[in-house]
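Start counting the sequence shown at 440; every next residue gets the next number (the numbering used here).
Here's the structure, in structure tokens; my notes come after.
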Amino acid sequence: MTLFKYIFAFQLVLFTTLSVIAEESYLKIKGQVMEDRYEMDGCNIIISKNGVHSVHTMSKDNGEFEFSLIIGNDYLITFSREGYVSKIININTRNIPSQTLKPEYAFEEINVDLFQEIPDLDVSLLKKPIAKINYNKKKDSFEWDMVYNNTIQKQVEDLWYKVVKHRRMLQQQYGGYMEDADGKFELKEYVTARVDYVDALDVQPLAKEPKEKIKLIDILLGRVIEKPVFKLPKNEFTENIYKRSKKTITRRIIKEKSVRTVYQRVDHRYGATFYFRNNVPITELMWGSETDFYFSEPSYSGTSYRTTIFAD
């Protein structure tokens, strides 16, 4: 092969490679996360590509989300929130003929309904995808995999019946707390009204009305104090313990140089305990190994820390 032919062949291969990269296609996904009729802000969305955790994002204040997936991969989309049961959706973007490949594909809006953890409820079914989305060659579009979805439909219906039953019970509890709280608020019994609003919020964490009433009561009681503006120290080790009527939240903040990490341990009254790092679920072992070093008596890290307890 002459030098000219070699260079020409190299350029052809390079051009073909760049063309493939330039023609990378995407599947646009959008939807909303809710609990019953409540919009769910702060829902964690973890995107795993081909079995590897690749992206972590969150839903907007109104529960909406939107992202694009690179065509040619198999994805697991996990929706999770503290105190709620996670749900997984499988989206397979493989097996699209190259001759029909489009720059962008779209899918109908996905509505994800998460529900609160229910004591003694078997949710092992939700450890696998609740639904699948695949490419349909005949229609040249992405559709729900009805064959898979129908195989788990009966199990889903049985589980959902128990969830709806539990939600009705929670709604009754929420209504009772709100009725008592509103009555006390009208009588200007703000302290006891606030306790009932907090209990209502424990039952329905996404409800806006009790949050607004608690803020208003804090203003009326003079509890809202403007925080002074100050620079955080170079290293910060803070532990805050929030004692609620139905759970205790231990929040550990570790700030070293420019890196700030927030850990949370949530102890529910019914016995369950959950651990989080920057709102992403972790194990008890990770919680202990990553934080106990800084929050011990005496501190083995050689630094001081402060603990504050808040009780509603």
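In this text, a Cβ means the ideal position worked out from N, Cα and C, and glycines have one as well.
*Looking only at DSSP bridge pairs, what is VAL701 linked to?*
ILE692
*Check PHE715 in the structure and name its three-state DSSP category.*
strand
*From the DSSP output, in three-state form, read off LYS627 for me.*
Here LYS627 sits in coil by DSSP.
*Give the range of the alpha helix (DSSP H) segment to which MET497 is assigned.*
Run containing MET497: none in the alpha helix (DSSP H); it sits in the beta strand (DSSP E), 491-497.
_Taking 6 Å as the limit between beta carbons, can you name the residues of its chain near ASN575, skipping five residues before and five after?_
Excluding its 5 nearest sequence neighbours in each direction, ASN575 has C-beta neighbours in its own chain below 6 Å: GLU582, listed in chain order.
*Cβ neighbours of LYS650 in the same chain (closer than 6 Å, five flanking residues each side left out)*: Once the five neighbours on either side are set aside, LYS650 has no close Cβ partner at all.
_Any heavy atom of the ligand FMN inside 6 Å of the beta-carbon of ILE516?_
The ligand FMN is absent from the structure shown, which contains no ligand whatsoever.
*asked:* Here's a check: name, in chain order, each residue in its chain whose Cβ is nearer than 7 Å to the Cβ of ASP500, leaving out the five neighbours to either side.
replied: For ASP500, where only same-chain residues beyond five positions count, the Cβ hits under 7 Å are ASP480.
*Apart from the five residues just before and just after SER507, which ones in its own chain have a Cβ nearer than 6 Å to its Cβ?*
TYR465 and LYS467
*Thinking C-alpha only, which one of GLU556, ILE530, ALA711 and SER525 is nearest LYS488?*
Residue ILE530 is the option with its Cα nearest to LYS488.
*Looking at C-alpha atoms only, which residue of VAL603, ASP706, GLU543 and ALA570 is the closest neighbour of ILE516?*
ALA570
*Can you check DSSP and say which residues form a bridge with HIS707?*
LYS686
*asked:* Pop quiz: PHE504 and VAL524 are said to be a contact at Cβ under 8 Å. What is the actual Cβ separation, rounded to whole angstroms?
replied: Contact doesn't hold; Cβ gap of about 18 Å is too wide.
*Does DSSP put SER756 in a helix, in a strand, or in coil?*
There is no way to answer for residue 756, as the model of the chain reaches only from 440 to 751.
_In the DSSP output, which residue or residues are listed as bridge partners for GLU505?_
LYS469
*Which residues bound the alpha helix (DSSP H) around ASN589?*
585-590
*Going along the chain, which unbroken runs of the beta strand (DSSP E) with 3 or more residues stay wholly within the segment 528-579?*
The segment 528-579 contains these whole beta strand (DSSP E) runs: 543-545, 549-552 and 570-575.
*Between which two residues does the alpha helix (DSSP H) harbouring ASP657 extend?*
647-659
*In terms of alpha-carbon separation, which member of SER684, ARG683, GLY502 and GLY511 lies closest to ASN483?*
GLY502
*As assigned by DSSP and simplified to three states, the class of PHE734*: coil
*Around the Cβ of TRP599, are there at least 16 other Cβ atoms within 10 angstroms (buried) or fewer (exposed)?*
Answer is exposed; the Cβ neighbour count stays below 16.
_Please state the DSSP three-state secondary structure of SER519._
Here SER519 sits in strand by DSSP.
*How about the segment 603-617 and the segment 632-646: do they share at least three Cβ pairs that are nearer than 8 Å?*
yes
*Starting from ILE484, trace the beta strand (DSSP E) both ways and give me its first and last residue.*
483-488
*What is the rounded straight-line gap between the Cα of GLU648 and the Cα of VAL705?*
24 Å
*Taking the Cβ atom as the reference point for each residue, do GLU543 and GLY470 lie within a distance shorter than 7 Å?*
no
*asked:* Tell me the rounded alpha-carbon separation between ASP621 and ALA632.
replied: 7 Å
_Using C-beta distances below 7 Å, list every residue in its chain close to ASP579, excluding the 5 sequence neighbours before and after it, in chain order._
THR539
*Should LEU626 go down as buried or exposed, given a rule of 16 or more other Cβ atoms within 10 Å for buried?*
exposed
*Can you check whether the CB of LYS526 is closer than 7 Å to the CB of LEU560?*
no
*Anticipated Cβ contact below 8 Å, GLU478 with ILE509, distance rounded*: Actually they are not in contact, since the Cβ atoms of GLU478 and ILE509 sit about 29 Å apart, beyond 8 Å.
*Give the DSSP-derived three-state secondary structure of GLY741 in the structure shown.*
Note that GLY741 scores 46 on pLDDT, short of 50, meaning its location in the model is unreliable; the coordinates nonetheless yield the value given after this. Coil, per DSSP.
_Using only CA atoms, which one of SER728, ASP731 and ARG606 lies nearest to PRO558?_
ARG606
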